[in-house]
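Novice: Just so you know, the sequences run in chain order A and B. Every letter in the first sequence is one number past the one before it in our numbering, and letter 2, counting from 1, is 2. Every letter in the second sequence is one number past the one before it in our numbering, and letter 31, counting from 1, is 204. Input: one structure, supplied below.
There are 2 protein chains.
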Amino acid sequence: MRKTILVDMDGVMADVYARFFEIHEQETGQRLSVDDIAGKLEAEAFDNQRLWVTTPGFFRHLPVMKGSREALLKLIEHYRILVVSLATEFPHALTDKQLWLDEHFPFIGWQNTVFCGDKSIIDADIMIDDHFKNLDHFRGETLMFTQPPNMLVTDTRHRRVNSWEEIEKLLLP
Amino acid sequence: MRKTILVDMDGVMADVYARFFEIHEQETGQRLSVDDIAGKLEAEAFDNQRLWVTTPGFFRHLPVMKGSREALLKLIEHYRILVVSLATEFPHALTDKQLWLDEHFPFIGWQNTVFCGDKSIIDADIMIDDHFKNLDHFRGETLMFTQPPNMLVTDTRHRRVNSWEEIEKLLLP
Numbered sequence: 001m002r003k004t005i006l007v008d009m010d011g012v013m014a015d016v017y018a019r020f021f022e023i024h025e026q027e028t029g030q031r032l033s034v035d036d037i038a039g040k041l042e043a044e045a046f047d048n049q050r051l052w053v054t055t056p057g058f059f060r061h062l063p064v065m066k067g068s069r070e071a072l073l074k075l076i077e078h079y080r081i082l083v084v085s086l087a088t089e090f091p092h093a094l095t096d097k098q099l100w101l102d103e104h105f106p107f108i109g110w111q112n113t114v115f116c117g118d119k120s121i122i123d124a125d126i127m128i129d130d131h132f133k134n135l136d137h138f139r140g141e142t143l144m145f146t147q148p149p150n151m152l153v154t155d156t157r158h159r160r161v162n163s164w165e166e167i168e169k170l171l172l173p
Numbered sequence: 174m175r176k177t178i179l180v181d182m183d184g185v186m187a188d189v190y191a192r193f194f195e196i197h198e199q200e201t202g203q204r205l206s207v208d209d210i211a212g213k214l215e216a217e218a219f220d221n222q223r224l225w226v227t228t229p230g231f232f233r234h235l236p237v238m239k240g241s242r243e244a245l246l247k248l249i250e251h252y253r254i255l256v257v258s259l260a261t262e263f264p265h266a267l268t269d270k271q272l273w274l275d276e277h278f279p280f281i282g283w284q285n286t287v288f289c290g291d292k293s294i295i296d297a298d299i300m301i302d303d304h305f306k307n308l309d310h311f312r313g314e315t316l317m318f319t320q321p322p323n324m325l326v327t328d329t330r331h332r333r334v335n336s337w338e339e340i341e342k343l344l345l346p
C-alpha cells in the first residue's frame, strides 16, 4: 500500500511569509527579512498578524511556495497526499483555502483535503510541516520545512528540509 | 483515556432535511414527507439539491437537530467529541459550517472540528452518522442515525438510533 504524506499548507505549500513581509511593509514602510524574525512565531513577529489572517480573502491570494507544485505532481505518483491545515480557528479562512487549493493544486483534489483544529487526530506515514505543535505529536517520519519559527532550532527531533527540491530527493524513488 | 466520538453534521447535528423539504416546497409547491424519499440519497430525492448546497449561505442557516445540543452538552462530559463533516467538495460550505458550529455548539470548539473529503482517515471509538459511505469504513462502534438514505435498510451492520434521546441512553453512564 502507498504511504501517506500529510502536507501542511501555510509556510509549506503557500508562501505565507512572503505575504506577511509584503503587508508589513505596506503598513509600516519597513521591509523585514527572514533573519529579523528568526525563532519567532507568526503572531510574535508581526503585531497585526491575527487581523490579517482573519480578514476574508487573505488565504485566497497567497503565492504558491517555490517548487511545491512541481514536487507534489511527482510525489502523488508514489504516495497518497493529504493536505492538512489547522484552519477551523478562522472560519473565513476555510472557503478561501479550499478555493486556493482547487486553483493551484487541482491534481490533489478535495477528497484529500483536511481542515482541522488538531493534527494529532490523523495518523499517517510522513508529515511535512513547519510547526513543532504539529511535528512533535506525529508518530511517523517528520520533515521540518525551514521557516522562521523553527530556523534557530538545532536539535534533531525532526529532519530539516530547506526546499521542495530537498523533499523530492528524500522521498522520490 | 476518554473515548472519542465522531459526530456527523448534516442529518445528525443539523436538520438538513427540514430545509430540503422547505426549499422544495417553495420551488415546486409540493410538500414532500420523509416517506416520499425513503431509501434515496439527497441528490436522488431532490433534483436541485446540488444547486442548493453549493449556494453560499445554505449551511449557515440550517436548523439544529432536535435534542442534539442537549445530548452533546452531556456527552462532552464523558467523551472527546469530534465533529467530522464531508465538506471540502463544496468550498463555500466550509466557512458557513464553522460559523454555524461556533453559534450553536460553542462548547465543542474549533479545536474539535474536522472538514474533510474522506472520513476513513480518522480513527476513533464511536461514529454517529447517517451515510453508509462513512459508517461502512469505520473500525469502531457505529451508530446509524435514521434519515431517508438509510431508512429502508434492515441489516444489522450498524446499530440504528432514531433520536438524540436514544443516543443519550446508549452512551451516557
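By construction, the Cβ of each residue, glycine as well, lies at the ideal position given by its N, Cα and C atoms.
(1) Flag B:V180 as yes if its beta-carbon sits less than 8 Å from any beta-carbon of chain A, otherwise no.
(2) Quick one: which residues of the region 106 to 131 of chain A get their C-beta closer than 9 Å to a C-beta of chain B? List them in chain order.
(3) Quick one: is A:D136 near chain B, going by C-beta distance under 8 Å?
(4) Using the Cα positions of A:R31 and B:E198, report the straight-line distance between them to the nearest angstrom.
(5) Can you give the Cα-Cα distance for B:R175 and B:I254, rounded to whole angstroms?
(6) Report the rounded CA-to-CA distance for B:F318 versus B:L214, giving the unit in angstroms.
(7) Measure the alpha-carbon distance for B:S293 versus B:S206 and round it to whole angstroms.
(8) So what does DSSP say about A:L62, is it helix, strand or coil?
(9) Along the beta strand (DSSP E) that carries B:R253, what are the first and last residues, could you check?
(10) Please identify the residue among B:E250, B:V237, B:L344, B:A191 whose C-alpha is closest to the C-alpha of B:I299.
(11) Which residues, in order along the region 267 to 278 of chain B, keep a beta-carbon less than 7 Å from a beta-carbon of chain A?
(12) Just the Cα atoms here: how many angstroms apart are B:P236 and B:V334?
(13) Counting only C-beta atoms, is A:H92 closer than 8 Å to chain B at any point?
(14) Over the uninterrupted beta strand (DSSP E) stretch that includes A:V12, give me the two end residues.
(15) Name the chain B residues whose beta carbon is nearer than 7 Å to that of A:E89?
(16) I want to see whether chain C comes within less than 8 Å of A:L82, judged by CB atoms only; does it?
(17) Between which residues of its own chain and B:L272 is the CB-CB distance below 8 Å, once the five residues before and five after are set aside?
(18) Tell me, which residues are paired with A:V53 by DSSP?
(19) Among A:E168, A:E165, A:F132, A:L94, which residue has its Cα nearest to the Cα of A:D155?
(20) Consult DSSP for A:F132 and reduce its assignment to one of helix, strand or coil.
(21) Would B:K270 be called buried (16 or more neighbouring beta carbons within 10 Å of its own) or exposed?
(22) Which same chain residues, not among the five before or five after A:L6, have their C-beta less than 6 Å away from its C-beta?
(23) With DSSP as the reference, please indicate the residues paired to B:I178 in a beta bridge.
(24) Buried or exposed for B:F263, please, with buried defined as at least 16 other CB atoms from any protein chain shown within 10 angstroms of its CB.
(25) With a CB to CB cut of under 7 Å and the five nearest residues on each side skipped, what residues in its chain are close to B:I210?
(26) Just how far apart, CA to CA, sit A:W164 and B:T227?
(27) Suppose the cutoff is 7 Å on Cβ atoms and the five residues either side in sequence are ignored; what does the same chain contact list for A:I23 look like?
(28) When burial is assigned at 16 or more other CB atoms within 10 Å of the CB, is A:H92 buried or exposed?
(29) Distance check for A:G39 and A:V153, CA to CA, integer angstroms please.
(30) If I follow the unbroken alpha helix (DSSP H) through A:R69, where does it start and stop?
(31) B:L316 lies in the alpha helix (DSSP H); which residues open and close that run?
(32) Please confirm whether any heavy atom of the ligand NAP lies closer than 7 Å to the CB of B:E250.
(33) Excluding sequence positions up to five away, which residues of its chain have a Cβ less than 8 Å from the Cβ of B:T350?
Specialist: Answer, in terms of the structure:
(1) Judged by the 8 Å Cβ criterion, B:V180 is not in contact with chain A.
(2) Residues of the region 106 to 131 of chain A with a Cβ closer than 9 Å to any Cβ of chain B, in chain order: G109, W110, Q111, N112, T113, V114, F115, C116, G117, D118, I121, I122, D123, A124.
(3) It does not: the Cβ of A:D136 has no partner Cβ on chain B nearer than 8 Å.
(4) When the Cα atoms are used, A:R31 and B:E198 turn out to be separated by approximately 58 Å.
(5) Their backbone Cα atoms lie some 10 Å apart in a straight line.
(6) About 14 Å.
(7) Linking B:S293 to B:S206 through their CA atoms gives a straight-line distance of about 32 Å.
(8) Of the three classes helix, strand and coil, the one that applies to A:L62 here is coil, per DSSP.
(9) Note, B:R253: beta strand (DSSP E), 253 to 259.
(10) Ranking B:E250, B:V237, B:L344, B:A191 by Cα distance to B:I299 puts B:L344 first.
(11) Listed by position, the residues of the region 267 to 278 of chain B near chain A (Cβ gap below 7 Å) are L267, T268, Q271, L272, D275.
(12) Those two C-alpha atoms are separated by around 20 Å.
(13) Chain B contact via Cβ: present.
(14) Note, A:V12: premise wrong, no beta strand (DSSP E); not H, not E.
(15) Among the residues of chain B, those whose CB is under 7 Å from the CB of A:E89 are W283, following chain order.
(16) Note that chain C does not occur in the displayed structure, where the protein chains are A and B.
(17) Excluding five sequence positions before and after B:L272, the CB atoms of its chain that fall closer than 8 Å to its own CB belong to R233, given in chain order.
(18) Beta-bridge pairing links A:V53 to no other residue.
(19) In terms of CA proximity to A:D155, A:F132 leads the group A:E168, A:E165, A:F132, A:L94.
(20) When DSSP states are grouped into helix, strand and coil, A:F132 belongs to the helix group.
(21) Answer is buried; the Cβ neighbour count reaches 16.
(22) L82, V84, A124, M127.
(23) The partner list for B:I178 (beta bridge, DSSP) reads B:I254, B:I299.
(24) Burial state of B:F263 is buried, judged by a 10 Å Cβ sphere holding 16 or more other Cβ atoms.
(25) If you ignore the 5 residues before and after B:I210, its C-beta comes within less than 7 Å of the C-beta of A218, P321, all in its own chain and listed in chain order.
(26) Going by the C-alpha atoms only, they are around 34 Å apart.
(27) If we look at A:I23 and ignore the five residues flanking it on each side, its Cβ neighbours are W52.
(28) Buried, since its Cβ has 16 or more Cβ neighbours within 10 Å.
(29) So the alpha carbons of these two residues sit roughly 8 Å apart.
(30) Element bounds for A:R69: 68 to 75.
(31) Where B:L316 is concerned, there is no enclosing alpha helix (DSSP H), although the beta strand (DSSP E) it sits in stretches over 314 to 318.
(32) Questions concerning the ligand NAP fall outside what the structure shown contains, since it holds no ligand whatsoever.
(33) Since the first residue of chain B shown is 174 and the last is 346, residue 350 of chain B is not available in this structure.
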